[in-house]
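Each residue of the sequence shown is one higher than the one before, counting from 410 in my numbering. Each residue gets a CB set at the ideal place from its N, CA and C atoms; glycine is no exception. Notes to accompany the following structure.
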Amino acid sequence: MKSLFVILLTGLMSLNVFAQETLHGSLEDLMKQMGDNFKAIGSTIDDPSKNQNNVLRAADLRSICIKSLPEVPHKISEMPAEKQPENLRTYQSLMAQLLLLSVDLEKSLQANDNVGAKAIVVKMAELRKAGHDLFK
Ligand code: HEM
């Protein structure tokens with residue numbers, strides 16, 4: 410009976426570890442995609458001939474934000490349980506702001522407003538700093 414209990418417990422623990430790794434792996438992957446995408450946008454934001462490509466990249470950024478919203482950063486899942494809800498709200502609020510900016514960016518680029526688009530990219534970099542200072 411005791412060994413059955415140990416086997417069950419070990420099984421549950423390994424399941425939990427697996428779930429956590431899957432979760433972290435996926436936010437890390439999404440962030441890597443976000444990094445590549447944002448770098449490509451940032452390095453061509455002054456070039457109107459790249460606007461159509463960047464419209465597509467802004468749309469990709471929007472999907473990456475949507476996928477990142479329900480994720481739980483590693484740092485938050487390791488916090489004491491009572492601190493997690495407030496921090497999760499902050500994480501989701503920053504990610505939602507990034508999502509809204511990606512929609513604005515798509516619109517500005519579609520309208521060939523490169524000055525406006527550049528200002529949005531600057532705001533996005535500020536959000537990145539805020540998110541990384543708190544949760545990376
Ligand atoms: C333009 C905006 C952003 C870009 C380009 C960006 C890019 C990145 C990159 C390149 C990484 C490293 C991935 C790796 O491990 O190789 C990362 C990690 C991370 N970022 Fe962002 N990020 C942005 C915005 C944000 C925001 C707004 C938040 C939070 C609200 C955030 C939260 C995180 C977290 C929590 C990690 C660590 C992931 C983990 O747990 O492994 N990022 N990001």
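Selected residue, minimal CA-CA separation from residue i, among the options
{"i": "leucine 436", "options": "Asn460, Arg466 and Cys474", "result": "Cys474"}
{"i": "aspartate 456", "options": "Ala526, Phe544 and Ala534", "result": "Ala526"}
{"i": "phenylalanine 447", "options": "Lys532, Asn496 and His483", "result": "Lys532"}
{"i": "methionine 504", "options": "Ala534, Asp445 and Asn460", "result": "Ala534"}
{"i": "histidine 483", "options": "Ser472, Arg471, Ala468 and Asn496", "result": "Asn496"}
{"i": "glutamate 480", "options": "Arg498, Pro489 and Val464", "result": "Arg498"}
{"i": "glutamine 519", "options": "Asn460, Ile450, Thr453 and Ser452", "result": "Asn460"}
{"i": "lysine 365", "options": "Ser458, Val464 and Asp469", "result": "The question about residue 365 has no answer here: the residues shown for the chain are numbered 410 through 545."}
{"i": "lysine 516", "options": "Gln493, Leu536 and Asn463", "result": "Asn463"}
{"i": "isoleucine 450", "options": "Tyr500, Leu536 and Asn523", "result": "Asn523"}
DSSP state of residue i mapped onto helix, strand, coil
{"i": "glutamate 487", "result": "coil"}
{"i": "asparagine 521", "result": "coil"}
{"i": "aspartate 455", "result": "coil"}
{"i": "valine 481", "result": "coil"}
{"i": "lysine 527", "result": "helix"}
{"i": "lysine 545", "result": "coil"}
Environment of residue i [buried if 16+ CB atoms lie within 10 Å]
{"i": "arginine 466", "result": "buried"}
{"i": "leucine 509", "result": "exposed"}
{"i": "glycine 444", "result": "exposed"}
{"i": "serine 477", "result": "buried"}
{"i": "serine 592", "result": "Limits of the chain in this structure are 410 at one end and 545 at the other, which puts residue 592 out of reach."}
{"i": "glycine 540", "result": "buried"}
{"i": "serine 458", "result": "exposed"}
{"i": "asparagine 521", "result": "exposed"}
{"i": "serine 550", "result": "In the structure as shown, the chain starts at 410 and stops at 545, and residue 550 therefore has no counterpart that could be examined."}
Proximity test, residue i beta-carbon vs the ligand HEM heavy atom, cut-off 7 Å
{"i": "arginine 471", "result": "no"}
{"i": "leucine 436", "result": "yes"}
{"i": "methionine 488", "result": "no"}
{"i": "arginine 537", "result": "yes"}
{"i": "glycine 444", "result": "yes"}
{"i": "proline 494", "result": "no"}
{"i": "proline 479", "result": "no"}
{"i": "lysine 527", "result": "no"}
{"i": "lysine 441", "result": "yes"}
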